[in-house]
Amino acid sequence: MRITESADLAGTPDEVFALRATEAFQDEKCLRTSPREHTVAVDEQGERTILRTTRAMPTHNLPDAARSMVGDELILDEVQDWGPPAADGSRRAQVTIKVHGAPISLAGTLKVYPTADGSHQALEADLKAKVPFIGGKIEKAAAPAISHGFDLEAEIINDWLAAGR
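In this text, residue positions in the sequence shown follow the working numbering: the first is 331, and each later residue adds one.
Spelled out as structure tokens, the structure:
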């Protein structure tokens, strides 16, 4: 299932990236999704910045078919692999989300580029649930959570920029 999301951000791509590439920001992003537990890591590898989060999420809101595959807890690994800024200041990341113990994943690109009022970010990704007969249902059930996570990240960025963080 193709997922596309976009949001306007109050800061420049450099300001947005400077916030996003901190453990404090990644920690806040995880906490706002109400995980049972989580870990975050920010690693610089040459010109690349790798943001990793792992979240243990309750599954009480999932359809029965999905819950029967993963149990009462869903472990999500998210990686954002950010490259250096382009000449215009824009940045691009390869984004992956994998679910432990289930053939469900997301892979795509997150871009942040300058606008007259700050910046704009756009996600283009493919959500896949490789489960015979019910994969489409699982993808449809998971898509709103992906959209919510994208919106939440933009909200935190704008809140933190407004607070002068």
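For every residue, glycine included, the Cβ atom is placed at its ideal position computed from N, Cα and C. What you are looking at is a predicted structure, and each value in this text was computed from that prediction instead of being measured.
Out of Ile464, Arg362, Leu404, Ala337, the CA that lies nearest to the CA of Thr445 is found in Ala337.
Per DSSP, reduced to three states, the secondary structure at Lys460 is coil, with no helix or strand assignment.
The three-state secondary structure of Gly419, taken from DSSP, is coil.
Counting C-beta atoms within 10 angstroms of its own C-beta, Glu335 has 16 or more neighbours from the protein chains shown and is therefore classed as buried.
Its Cα nearest to that of Glu454, the residue Ala473 stands out among Ala473, Pro365, Arg495, Gly466. With 16 or more neighbouring CB atoms inside 10 Å of its own CB, Arg385 falls in the buried class.
Beta-bridge pairing by DSSP links Val442 to Arg421, Gln451.
DSSP places Asp344 inside the alpha helix (DSSP H), whose first and last residues are 343 to 350.
For Ala337, there is no enclosing alpha helix (DSSP H); the residue is found in the beta strand (DSSP E) stretching over 332 to 339. Here Phe347 is actually not in contact with Val425; their C-beta atoms are around 14 Å apart, not less than 8 Å. Comparing C-alpha distances from Asp402 to each of Asn391, Glu408, Trp412, Val409 shows the shortest one belongs to Asn391.
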